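First residue of the sequence shown: 1, per UniProt numbering; consecutive thereafter.
Ideal placement from N, C-alpha and C gives every residue a C-beta, glycine not left out.
Keep in mind it's a predicted model, so treat the numbers as computed, not measured.
Take a look at the structure below.
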Amino acid sequence: MSSIVARTGRHLQRYDNNLRLVSGCIPYRLAKTKDQNQIEVLMVSSPNRDDMVFPKGGWESDETVEEAACREALEEAGVRGNLKVGSRLICREIPLGVWEFRSKSRQEACSEEGGCKGYMFVLEVTEELETWPEQNNRNRKWVKIEEAFALCRYEWMRNALTEFVKVMEREDSKKEHETLVENKEEKPSKQEDEDCQLMSTNCHVNGPRTTSYGVMLPASIFL
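Put into structure tokens, the structure is as follows:
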């Protein structure tokens, strides 16, 4: 039994023009394979249903939108981590995206009109708990990106997943580019070594170095 208790009720719920404000995230990890790392995302089942979603819930008045996303990930999926876009901590004003949508069931109605405004973030998972508040009502499952698209219940969540893939592709391309630049500039040529031995310790290369590379992200990282 988890010692953490999930929040209930709507007395602190935020609204914007009759839209219930919702915050959630796409939790991810890098799963090691033989040849490379692959991205996996964590999904949870909806109560009394078999379909899968990403952790999300109401954004309340005593917390920031980021805190709400982290809380929902803990309550629904039992994970902790860092809200990120790749290796950069996300800013409050820059979520993964914001989507307006309408609830498909009265039981999950977001407001009297059933409208919601959802903020979605990227969560790099650093801890996975064995017990969590909603484990009796939800199952969690690590899946590859391709499977996540097939399992995702809502169209707006699939759109959020598409944005997640774009962000991770950009981040991976950036890392590959930086690695190529580092490898190219890691060791000077033999002649440069000799010149630096003869010159003072202020030896440097005059002018800026500008190098560009075309990098293609391996598609298998998302499969």
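- The beta-carbon distance between residue 58 and residue 120, rounded to whole angstroms, is 14 Å. This is too long to meet the 8 Å contact definition.
- Using a 10 angstroms sphere on the CB of residue 32, the tally of other CB atoms stays under 16, which defines it as exposed.
- Beta-bridge analysis with DSSP links residue 28 to 41, 124.
- Here the alpha carbon of residue 125 sits roughly 20 Å from the alpha carbon of residue 149.
- Taking a contact as a CB-CB distance under 8 Å, the pair residue 167 and residue 83 does not count as one, their CB atoms being some 12 Å apart.
- In this structure residue 26 is in contact with residue 123, their Cβ atoms being roughly 7 Å apart against a cut-off of 8 Å.
- When DSSP states are grouped into helix, strand and coil, residue 156 belongs to the helix group.
- Taking C-beta separations shorter than 7 Å and ignoring five residues to either side along the sequence, the partners of residue 161 in its chain run 26, 148, 149, 152, following chain order.
- Sorting 156, 142, 158, 170 by C-alpha distance to the C-alpha of residue 42 places 142 at the top.
- Residue pairing by DSSP places residue 83 opposite 123 in a beta bridge.
- At the C-beta level, residue 77 and residue 44 come within 7 Å of one another.
- With distances taken between CA atoms, residue 50 lies nearest to 140 out of 140, 134, 11.
- Here residue 133 is buried. Its C-beta has 16 or more other C-beta atoms within 10 Å.
- For the set 13, 79, 138, 116, the Cα lying nearest the Cα of residue 61 is the one of 13.
- Under the criterion of beta carbons closer than 8 Å, residue 21 and residue 15 qualify as touching, at roughly 6 Å.
- In this structure, DSSP gives residue 75 a helical state, which the three-state scheme calls helix.
- Its chain contains 44, 45, 46, 47, 76, 77 as the residues whose beta carbon lies nearer than 8 Å to that of residue 138, once the 5 sequence neighbours on both sides are disregarded; these appear in chain order.
- Secondary structure at residue 34: coil, using DSSP grouped into helix, strand and coil.
- Going by DSSP, residue 101 is part of the beta strand (DSSP E) stretching over 97–102.
- When the Cα atoms are used, residue 117 and residue 36 turn out to be separated by approximately 37 Å.
- For residue 16, the three-state secondary structure derived from DSSP is strand.
- If you draw a 10 Å sphere on the C-beta of residue 170, you find fewer than 16 other C-beta atoms in it, and that means exposed.
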